[in-house]
Amino acid sequence: MIIPVILCGGAGTRLWPASRADSPKPFLPLVDGNSTFALTLSRLAGSTMFGPIVVVASAAHRHLVDEAVGRADVTATVLLEPVPRDTAPAIAAAAAFVADAAPNATLLVLPADHVVRDAAAFAATVASAIAAAEAGRIVVFGVRPDRPATGYGYIKPGAAITGLDAMAVDGFIEKPDAARAAEFVAAGYLWNGGMFLMRASTALAEIGRRDEAIVTAARAAVAGATADGGALCLAAEPFVAAPAISFDYAVMEKTAAAVVVEAGFDWSDIGTWAAVWDAAEKDEAGNAATGDAVLVETRGSLVSTTRPKVGVVGLADLVVVASDDAVLVTTREHADQVKELVAAIETAPEAVVGDFARHYRPWGHYQSLDLGERHQVKRIVVNPGERLSLQKHAHRAEHWTVVEGVAEVTVGMEASALETNAVSAGEHVHIPQGAIHRLANRGTMPMTLIEVQVGDYLGEDDIVRLEDDYGREEG
Numbered sequence: 000m001i002i003p004v005i006l007c008g009g010a011g012t013r014l015w016p017a018s019r020a021d022s023p024k025p026f027l028p029l030v031d032g033n034s035t036f037a038l039t040l041s042r043l044a045g046s047t048m049f050g051p052i053v054v055v056a057s058a059a060h061r062h063l064v065d066e067a068v069g070r071a072d073v074t075a076t077v078l079l080e081p082v083p084r085d086t087a088p089a090i091a092a093a094a095a096f097v098a099d100a101a102p103n104a105t106l107l108v109l110p111a112d113h114v115v116r117d118a119a120a121f122a123a124t125v126a127s128a129i130a131a132a133e134a135g136r137i138v139v140f141g142v143r144p145d146r147p148a149t150g151y152g153y154i155k156p157g158a159a160i161t162g163l164d165a166m167a168v169d170g171f172i173e174k175p176d177a178a179r180a181a182e183f184v185a186a187g188y189l190w191n192g193g194m195f196l197m198r199a200s201t202a203l204a205e206i207g208r209r210d211e212a213i214v215t216a217a218r219a220a221v222a223g224a225t226a227d228g229g230a231l232c233l234a235a236e237p238f239v240a241a242p243a244i245s246f247d248y249a250v251m252e253k254t255a256a257a258v259v260v261e262a263g264f265d266w267s268d269i270g271t272w273a274a275v276w277d278a279a280e281k282d283e284a285g286n287a288a289t290g291d292a293v294l295v296e297t298r299g300s301l302v303s304t305t306r307p308k309v310g311v312v313g314l315a316d317l318v319v320v321a322s323d324d325a326v327l328v329t330t331r332e333h334a335d336q337v338k339e340l341v342a343a344i345e346t347a348p349e350a351v352v353g354d355f356a357r358h359y360r361p362w363g364h365y366q367s368l369d370l371g372e373r374h375q376v377k378r379i380v381v382n383p384g385e386r387l388s389l390q391k392h393a394h395r396a397e398h399w400t401v402v403e404g405v406a407e408v409t410v411g412m413e414a415s416a417l418e419t420n421a422v423s424a425g426e427h428v429h430i431p432q433g434a435i436h437r438l439a440n441r442g443t444m445p446m447t448l449i450e451v452q453v454g455d456y457l458g459e460d461d462i463v464r465l466e467d468d469y470g471r472e473e474g
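Following numbering that gives the first Met the number 0, the numbering of the sequence shown begins with 0 at its first residue and continues without gaps.
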C-alpha cells in the first residue's frame, strides 16, 4: 500500500483576509463549502490503494486537523510540528516515522491546499508511477498548463525513462515572469504540482545527501515524540534545529533521482482568490458569490463575505472578500499581488484588542463583537469535551451568559475555595476581577456563551494560567 503524507503548512497570505495564522487556507471552506484539506482526505479515503494517512501539521492547528479527520472518518496519524520548518523537514519527519516500521514503504506526499475532482484519474496516475518510485526514483507529478501562469514553478521534461512510465527532469524553474511563463508553456514545460511519490528510504537518503542535519533532526524529533491521543508531538529541541528549507530547494533542484509523470487528472492549487474563482460553481454571468452578497450587472467576479452585506454594481472580473475585520478589493488579474498587500499593511503586530476576526484555540474559538474604552463583548464557543485553562485576570471582571449548551463553570477567589456549577442556556455567572476561574464543556455539542469584559485593560495577555490542558504558559 501507498502511505499518503499530507502537508498542512503554509500561511496562505495570498488568501487574505480569510486566511490567517490561526485559521490558514487548508482549513477554510473555500471550495463549495468544503476545505481543501477535507477534500484531500475524501479523495484518499475513496481508494483501496492508499493505506493509513500521515498528516504533518503545526501544533497550533491540531484542533482543526482533528475536526476534519473526524468528519472524514479516516485513519490518520498526525505529526505535530512545534514550529514550522518548511517542507523538507516535514517530509523527513514523515519518512522517518514511516521508515521505523517499513523503510521501503512508498510515500505519496500531497499538499493540503490542492483540489483534484477526478479521484479515479488521480489514483490511476499514481498507480502508473509506482514502478518508478520502487526503482528508487522521486516522482514529481507535473501538470499540463492551460495558461502562462506566473504563480507556479515549472518543470522541463526530458526523455522518457526506459522501462518506466516517466520522463527525466531536465530542469526546475521557480515562478517566472509573464514573458518567460509564455515561453515555457509554448515549449511544453509542466507546472510543478508539488506532489511526490517515493520510498521512505529514498526520501531520507536524498534529503540527507543534500543536508544531513535535516534527517538527523527529523529522526531525533520522531524518536523523542510524545503521544497525545491520535497525534504524535515531535520533540521540540531537535526539530527546531532542522534548517528551514523547502523540499524543492533542498532536493528536487539538485537530485539525480527525480523523474516526472504528467498528471492525468484535473488540478488546482488554491493559492489565490483567482484560483478560488476557477474552482467555484458560478452563475450564468460567471460570478461566484458566498455570504450576504448582491450583484447587479456584474460578471466574472468572486464576492465572498462572512458578515457585512456586500453590493457590487456594474463591474467585471473583480474579487471582493469581506471578513469580520477587513475587506479586500482587487481584480482577478491582480490576485497574485495580495501577498504584497499583506506585507504592506501588516507591519505591526496583530492587536490583541479590537480585532474582530475569529480566533481559534485548542478548545474552540472566540470572536470580539464590540469594543469600548473599558469594555469588550465576545462570543466564545467551546468544543465538546474541552476546557479552558484555570486562570485569573488582574485588570478585568467578566460576565458570562450561556446561549447554547451547558457550561461547567469553576470560580472562586482562592484556590482552596473553588466552586463548580453547571450553567445552562439563558443563565449567567459573574467572574470578579482577580477571581480564579475555568470554563468547560462536558457535553456532546458545542457550547456558546457571550462574555462581557469590564476593566482598565482588556488585552489577551492579561491571563495568569494556573493549570492548562494544552501546555500553554501565558496569553
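Positions of the beta carbon are idealized from the N, C-alpha and C atoms, including for glycine.
Considering only the alpha carbon of each residue, which of R70, Y151, A262 and M444 lies closest to A274? Locating residue 274 in the sequence shown gives position 275, where the first residue counts as 1. Measuring from the Cα of A274, the nearest candidate turns out to be Y151.
Any alpha helix (DSSP H) of 4 or more consecutive residues that is wholly inside the region 92 to 132: With a minimum length of 4 residues, the continuous alpha helix (DSSP H) runs that stay inside the region 92 to 132 are 118 to 127.
Give a yes or no on whether the C-beta atoms belonging to L163 and A134 are separated by under 8 Å. Here residue 163 refers to the residue found at position 164 of the sequence shown. Here residue 134 refers to the residue found at position 135 of the sequence shown. Their beta carbons are under 8 Å apart, which means L163 touches A134 by this criterion.
Which term fits E182, buried or exposed, when burial requires 16 or more other beta carbons within 10 angstroms of its beta carbon? Mapped onto the sequence shown, residue 182 falls at position 183. So E182 counts as exposed.
Can V309 and D291 be called in contact, C-beta distance under 8 Å? Residue mapping note: residue 309 aligns to position 310 of the sequence shown, counting from 1. Residue mapping note: residue 291 aligns to position 292 of the sequence shown, counting from 1. With respect to the 8 Å criterion, V309 and D291 are classified as neighbours on the basis of their beta carbons.
Taking the C-alpha atoms as reference points, what is the distance between F49 and P3? Position 50 of the sequence shown holds residue 49. Position 4 of the sequence shown holds residue 3. The alpha-carbon atoms of F49 and P3 are separated by roughly 7 Å.
Short check: CB of V97 to CB of L106, under 8 Å? Taking the sequence shown and counting its residues from 1, the one referred to as residue 97 is at position 98. Taking the sequence shown and counting its residues from 1, the one referred to as residue 106 is at position 107. Yes. Within cutoff.
Beta-carbon proximity check, E397 vs V463, cutoff 8 Å: Position 398 of the sequence shown, counted from the first residue, corresponds to residue 397. Position 464 of the sequence shown, counted from the first residue, corresponds to residue 463. In this structure, V463 does not lie closer than 8 Å to E397 by Cβ.
Any idea what DSSP makes of V352, helix, strand or coil? Walking along the sequence shown from the start, residue 352 turns up at place 353. Bear in mind that the predicted position of V352 carries a pLDDT of just 42, short of 50, making it too unreliable to give a figure here.
Along the alpha helix (DSSP H) that carries F49, what are the first and last residues, could you check? Indexing the sequence shown from 1 puts residue 49 at position 50. Neither: F49 is in no alpha helix (DSSP H) and is coded neither H nor E.
Thinking V108 and F171 are a contact (beta carbons under 8 Å), I'd like their distance in whole angstroms, please. Locating residue 108 in the sequence shown gives position 109, counting from the first residue. Locating residue 171 in the sequence shown gives position 172, counting from the first residue. That belief does not hold up - the Cβ atoms of V108 and F171 are roughly 16 Å apart, past 8 Å.
Can you name, in chain order, every residue of its own chain whose Cβ lies under 7 Å from the Cβ of A132, other than the five neighbours on each side? Stepping through the sequence shown from its first residue, residue 132 is reached at position 133. The answer, listed in chain order, is T105, V138, L196, M197 and R198.
CA-to-CA distance, V259 to T201, given in whole angstroms: Here residue 201 is taken as the residue at index 202 of the sequence shown, counted from 1. Here residue 259 is taken as the residue at index 260 of the sequence shown, counted from 1. Rounded to the nearest whole angstrom, the C-alpha separation of T201 and V259 is 16 Å.
Beta carbon of A224, beta carbon of C232: below 8 Å? If you number the sequence shown from 1, residue 224 lands on position 225. If you number the sequence shown from 1, residue 232 lands on position 233. Taking 8 Å as the Cβ cut-off, A224 and C232 qualify as a contacting pair.
Can you tell me whether S322 is buried or exposed? The criterion is at least 16 other CB atoms within 10 Å of its CB, across all chains shown. Here residue 322 corresponds to residue number 323 of the sequence shown, with the count starting at 1. Buried, by the Cβ-count rule.
Can you give me the C-alpha to C-alpha distance between D31 and Y469, rounded to a whole angstrom? As a position in the sequence shown, residue 31 is number 32, starting the count at 1. As a position in the sequence shown, residue 469 is number 470, starting the count at 1. Their Cα atoms are separated by approximately 33 Å.
Residues that Q336 bridges to, as DSSP identifies them: For this step, residue 336 is matched to residue 337 along the sequence shown. Bridge partners of Q336: none, in fact.
Checking 8 Å against the spacing of the C-beta atoms, do H392 and D455 come in under that value? The count along the sequence shown starts at 1 and reaches residue 392 at position 393. The count along the sequence shown starts at 1 and reaches residue 455 at position 456. Cβ atoms of H392 and D455: not closer than 8 Å.
Would you mind giving the Cβ-Cβ distance between F238 and E339, rounded to the nearest angstrom? I have them listed as a contact below 8 Å. Translated into positions along the sequence shown, residue 238 becomes position 239. Translated into positions along the sequence shown, residue 339 becomes position 340. Not a contact, Cβ separation roughly 31 Å.
Minimum length 3: unbroken beta strand (DSSP E) runs contained in the region 255 to 316: Correct list: 257 to 261, 287 to 289, 292 to 295, 301 to 304 and 309 to 312.
What does a CB cutoff of less than 8 Å around G187 pick up in its chain, not counting 5 residues either side in sequence? The sequence position of residue 187 within the sequence shown is 188, counting from 1. Closer than 8 Å at the Cβ level, and outside the excluded window around G187, lie P156.
Buried or exposed: where does E418 fall if 16 or more other Cβ atoms within 10 Å of its Cβ makes it buried? To locate residue 418, count along the sequence shown from 1; it is residue 419. Under this definition E418 is an exposed residue.
Cβ-based burial, M412 [other Cβ within 10 Å; buried from 16]: Position 413 of the sequence shown, counted from the first residue, corresponds to residue 412. Exposed, by the Cβ-count rule.
Among R386, A315 and D335, which residue has its Cα nearest to the Cα of R11? On the sequence shown, position 12 is the one that residue 11 refers to. Looking at the sequence shown, residue 11 is not Arg but Gly. Taking only the C-alpha atoms, the option nearest G11 is D335.
Taking only three categories from DSSP, how would you classify K253? In the sequence shown, the residue the question calls residue 253 occupies position 254. The answer is coil: DSSP assigns K253 none of H, G, I, E or B.
Contained beta strand (DSSP E) runs [length at least 3] in the region 122 to 209, N- to C-terminal order: 137 to 142, 153 to 159, 166 to 172 and 189 to 198
On the DSSP bridge assignment, give the partners of K391 in chain order. On the sequence shown, position 392 is the one that residue 391 refers to. In the DSSP assignment, K391 forms a beta bridge with V463.
Using only CA atoms, which one of F26, W362, P147 and T297 lies nearest to P445? What you label residue 445 is simply residue 446 of the sequence shown in a count that begins at 1. Checked all of F26, W362, P147 and T297; the closest Cα to P445 is W362.
For M446, list the residues DSSP reports as bridge partners. Position 447 of the sequence shown, counting from 1, holds the residue named residue 446. V381.
Nearest by alpha-carbon distance to P383: which of R331, A118, D65 and A120 is it? Within the sequence shown, residue 383 is the residue found at index 384, counting from 1. Among R331, A118, D65 and A120, the Cα nearest to that of P383 is on D65.
Here's the rule I'm using: 16 or more other beta-carbon atoms within 10 Å means buried, otherwise exposed. How should A17 be labelled? To locate residue 17, count along the sequence shown from 1; it is residue 18. Within 10 angstroms of the beta-carbon of A17 lie 16 or more other beta-carbons, which makes it buried.
Buried or exposed by the 16-neighbour rule on C-beta atoms within 10 Å, applied to P496: This structure cannot settle anything about residue 496, because the visible part of the chain is limited to 0 through 474.
Member of A416, Q432, E403 and A89 whose CA lies at the smallest distance from the CA of A243: As a first step, residue 243 is located in the sequence shown; it is residue number 244 there, counting from the start. When only C-alpha atoms are compared, the closest one is A89.
Reference L314; option with closest CA among V326, R331, D324 and A325: Position 315 of the sequence shown, counted from the start, is the residue given in the question as residue 314. The candidate whose alpha carbon is nearest that of L314 is R331.
How would you label M0, buried or exposed, when you count the other beta carbons within 10 angstroms and need 16 or more for buried? The sequence position of residue 0 within the sequence shown is 1, counting from 1. With fewer than 16 Cβ atoms within 10 Å of its Cβ, M0 is classed as exposed.
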